[in-house]
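Contents: one structure, followed by commentary.
In the numbering used here, the protein residues as written are 3 to 304.
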């Protein structure tokens, strides 16, 4: 039996964890056919089948599961040792991949990213703005950034922003023509600029005041998939929009928009960076987290 290479074992772990040759090949920077050939070579060297293959999926066999269970701790220890060497060398290297919504990535770019790239010029920071709420592990990311209410409960979460709220806003011209809603139920008599989520569903507007809660799929002839465009549509008098306050702040300050139903718009948890707690944290990610906590020493871990 030939001894497998470390690269082949690392590639096997990635294929088994991602359950996809395409995803694993993309992360490794090789072609799918080359990766498949390498895995067949590994199986030949070991004399056992490690992966079930179909036209649509790949999964570990029983032998593959046993190997994966033993490999995980060993490769994690190796990663940890290499990270310690990198720390001793005072220069972080590698790639840090973070997935988040467009607004979340924009916030990172305005806050922690400039300092991170200045302090660690040998690190490659790969930020992906994605409207979908993805499985960051399955998609090959080191971490994600989302609103606190969307962070999976089994993840470590580190605060990125203050709490925020959504505001219902409309132009003065629209309110002069159609009146001002006093309670959420009044929205049924208004034109609303609705939002289409990446899943294809429309976003339900949620309001709360004291112990009262109200959710509505608002009426309206216009549906958009961008908070920025919704603000522009509201400025143009096309209806009432419900957007994160940060998107409307400038227009509110310039009197191009007016907030309505403000007492029904509660504060919600802000943005959090999140990552799995059951894996070794890469040095680059740890450095990023440390910078987040330096900006606000009171930031909790989740």
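Glycine included, each C-beta is placed from N, C-alpha and C at the ideal position. Because the structure is a prediction, the values reported are computed rather than measured.
Mind reading off the beta-carbon distance from residue i to residue j? Whole number of angstroms is fine, and I expect it under 8 Å.
| i | j | result |
| --- | --- | --- |
| residue 194 | residue 239 | 13 Å between Cβ atoms; not a contact. |
| residue 10 | residue 44 | 5 Å |
| residue 158 | residue 129 | Wrong, their Cβ atoms sit about 19 Å apart, outside the cutoff. |
| residue 293 | residue 143 | In fact, because the Cβ distance is near 18 Å, the residues do not count as touching under 8 Å. |
| residue 36 | residue 26 | Wrong, their Cβ atoms sit about 11 Å apart, outside the cutoff. |
| residue 147 | residue 106 | 4 Å |
Helix, strand or coil: how does DSSP classify residue i here?
| i | result |
| --- | --- |
| residue 47 | helix |
| residue 143 | coil |
| residue 75 | helix |
| residue 250 | helix |
| residue 286 | helix |
| residue 59 | coil |
| residue 256 | coil |
| residue 91 | With a pLDDT of 48 at residue 91, under the threshold of 50, the predicted position of this residue should be treated as unreliable, though the coordinate-derived value follows. Residue state, collapsed to three classes: coil. |
Just to confirm before moving on: does the CB-CB distance between residue i and residue j stay below 7 Å?
| i | j | result |
| --- | --- | --- |
| residue 63 | residue 51 | yes |
| residue 196 | residue 262 | no |
| residue 274 | residue 162 | yes |
| residue 15 | residue 24 | no |
| residue 244 | residue 168 | yes |
| residue 286 | residue 110 | no |
| residue 166 | residue 246 | yes |
| residue 219 | residue 198 | no |
I need the boundaries of the beta strand (DSSP E) containing residue i, first residue and last residue.
| i | result |
| --- | --- |
| residue 261 | 260-262 |
| residue 166 | 166-172 |
| residue 12 | Careful: residue 12 lies outside any beta strand (DSSP E), inside the alpha helix (DSSP H) at 8-20. |
| residue 217 | 214-218 |
| residue 161 | 157-161 |
Checking the sheet assignment: what are the DSSP bridge partners for residue i?
| i | result |
| --- | --- |
| residue 270 | 166 |
| residue 102 | 131 and 147 |
| residue 224 | 195 |
| residue 245 | 169 |
Name the two residues that bound the continuous alpha helix (DSSP H) containing residue i.
| i | result |
| --- | --- |
| residue 122 | Where residue 122 is concerned, there is no enclosing alpha helix (DSSP H), given that its DSSP letter is neither H nor E. |
| residue 235 | 229-237 |
| residue 25 | 23-30 |
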